DNA sequence: GCGCATTGATGGCTGC
DNA sequence: GCAGCCATCAATGCGC
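Chains as they are written, first to last, in the working numbering: chain G, 3 to 91; chain E, 3 to 91; chain Z, 3 to 91; chain W, 3 to 91.
Okay, structure coming up:
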């Protein structure tokens, strides 16, 4: 295992604080993610309550996302081909 | 946020709008989730840049999360026991 | 951890043999997979030697695979919709 | 299996066939890989049906693989040392 | 040595 | 309510 800024003269507490800060930032972000995931579930549940077929709804979302990804993919391929023929993308 | 109940007599276009609203809300939330996920990656990348071992860092996060879950679990069991013996939790 | 056929009267060596057999079958299959993976790498290397752009080649393969998956996906969705409107698929 | 060298003067359609051949060979190999992967899943499923803990089973496989790699690694180092002291490996 | 691509693991959702 | 399935996410390995 390696340690950051392996400098004997360095103030030690700062390293500890830095690590602590990193961990806390990540944990905070993960909490936010969870909150949003829960919101998504809520929306689906509500939709279900309004008579929508959740399974199909999920498919709709997935398809729209896939289409968006495809567009991005096509752009990437185009760039690749342009590079391959010596054009600047 | 409130929503109209699922009324078969309702004007159909409105339902269309409702569906559209649902899809857009979900997609919006998913985008937010992605933004946060990217933020998390950034923090890890930054930590790596500061010499931290990302793999181990992830373990730290995972362990703390597991411990938190376990504590919650223990609390729940404790509450159960307290209720079982007629105590108010 | 649970154990299979937790029967005290059972012949013990058979359990050991069964587990051994499982592990060996998996390891044998994994070896086969590795062989084939190496073959794939060889083909890419050869293609590269013939002047093909491997990165683009990989994209081609990926796109063809994606398209195949999409066709399957569309079939699945069609089935869903048919079911949703009460048709037998 | 042998292949014609990449000759710029070569008839172009043949190159097209060459590309096609490459793609088909790769796709064929990928299919084989998938077949074997499915076989592996089957074995795990069967093991599960016999009461084995799949998660642990996977660990067993992983550990044995790691150990095998380590042994190979040690052999390689040994060979290096033997060569370094003028011994034939 | 880094980034990418594949592969494996985990957790959530659906159907029985 | 649980098992199987699927989708997401992390980890390993490969190539540049």
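Beta carbons are placed, not taken as given, at the ideal position from N, Cα and C, and that holds for glycine. Since the model is a prediction, treat every value here as computed from it, not as a measurement.
Check                                                                                                                                  : Outcome
CA-to-CA distance, residue 73 of chain W to residue 83 of chain W, given in whole angstroms                                            : 15 Å
Alpha-carbon to alpha-carbon, residue 51 of chain G and residue 4 of chain E                                                           : A caution first: residue 4 of chain E carries a pLDDT of 45, below 50, which makes its placement in the model too unreliable to give a value.
Whole-angstrom C-beta distance between residue 32 of chain G and residue 87 of chain E, which should lie under 8 Å                     : Their Cβ separation, rounded to whole angstroms, is 36 Å, which puts residue 87 of chain E and residue 32 of chain G out of contact at 8 Å.
Where residue 51 of chain Z sits in the DSSP three-state scheme                                                                        : helix
The ligand NAP heavy atom lying under 6 Å from the CB of residue 45 of chain E                                                         : With respect to small molecules bound, the structure shown includes none, and the ligand NAP cannot be examined in it.
DSSP state of residue 87 of chain E mapped onto helix, strand, coil                                                                    : coil
Within-7 Å CB hit, residue 63 of chain W to chain Z                                                                                    : yes
Where residue 82 of chain Z meets chain G, residues with beta-carbon distance less than 9 Å                                            : 55, 57, 58 and 61
Interfacial residues, the segment 20 to 31 of chain Z to chain W, with Cβ spacing under 8 Å                                            : 20, 21, 24, 25, 27, 28, 29 and 31
Within chain Z, the residues that residue 86 of chain G reaches when beta carbons sit closer than 7 Å                                  : 55 and 58
Assigned exposure category for residue 45 of chain Z - 16 Cβ within 10 Å defines buried                                                : buried
Proximity of residue 2 of chain W and residue 47 of chain Z at Cβ, strictly below 7 Å                                                  : The structure shown has nothing for residue 2 of chain W, since chain W only spans 3 to 91.
Neighbourhood of residue 60 of chain W by C-beta distance below 6 Å, restricted to the same chain and skipping five residues each side : none
Local conformation of residue 12 of chain Z per DSSP, three classes                                                                    : For residue 12 of chain Z, the predicted structure reports a pLDDT of 48, less than 50, and the residue's modelled location is therefore unreliable. A value from the coordinates is still provided. Looking at residue 12 of chain Z - three-state DSSP - the assignment turns out to be coil, as it is neither helix nor strand.
Within 8 Å of chain E by C-beta, residues of the segment 30 to 46 of chain G in sequence order                                         : 31, 32, 34, 35, 38, 39, 41, 42, 45 and 46
Closest residue to residue 29 of chain E among G:58, G:67 and G:81 (Cα-Cα distance)                                                    : G:67
Neighbourhood of residue 56 of chain W by C-beta distance below 6 Å, restricted to the same chain and skipping five residues each side : 46 and 50
Contacts that residue 49 of chain E makes with chain G (C-beta to C-beta distance below 7 Å)                                           : 24
Inter-residue spacing [alpha-carbon to alpha-carbon] between residue 81 of chain G and residue 19 of chain W                           : 25 Å
Cutoff 7 Å: residue 12 of chain G Cβ touching any chain E Cβ                                                                           : Residue placement at residue 12 of chain G cannot be trusted, given a pLDDT of 49 that sits under 50; the coordinates are not used to answer.
Whole-angstrom C-beta distance between residue 39 of chain G and residue 35 of chain E, which should lie under 8 Å                     : 7 Å
Own chain partners of residue 13 of chain G with C-beta closer than 6 Å, once the 5 adjacent residues on each side are dropped         : The predicted position of residue 13 of chain G is uncertain, since its pLDDT is 47 and thus under 50; a value taken from the coordinates is nonetheless stated next. So no residue of the chain qualifies.
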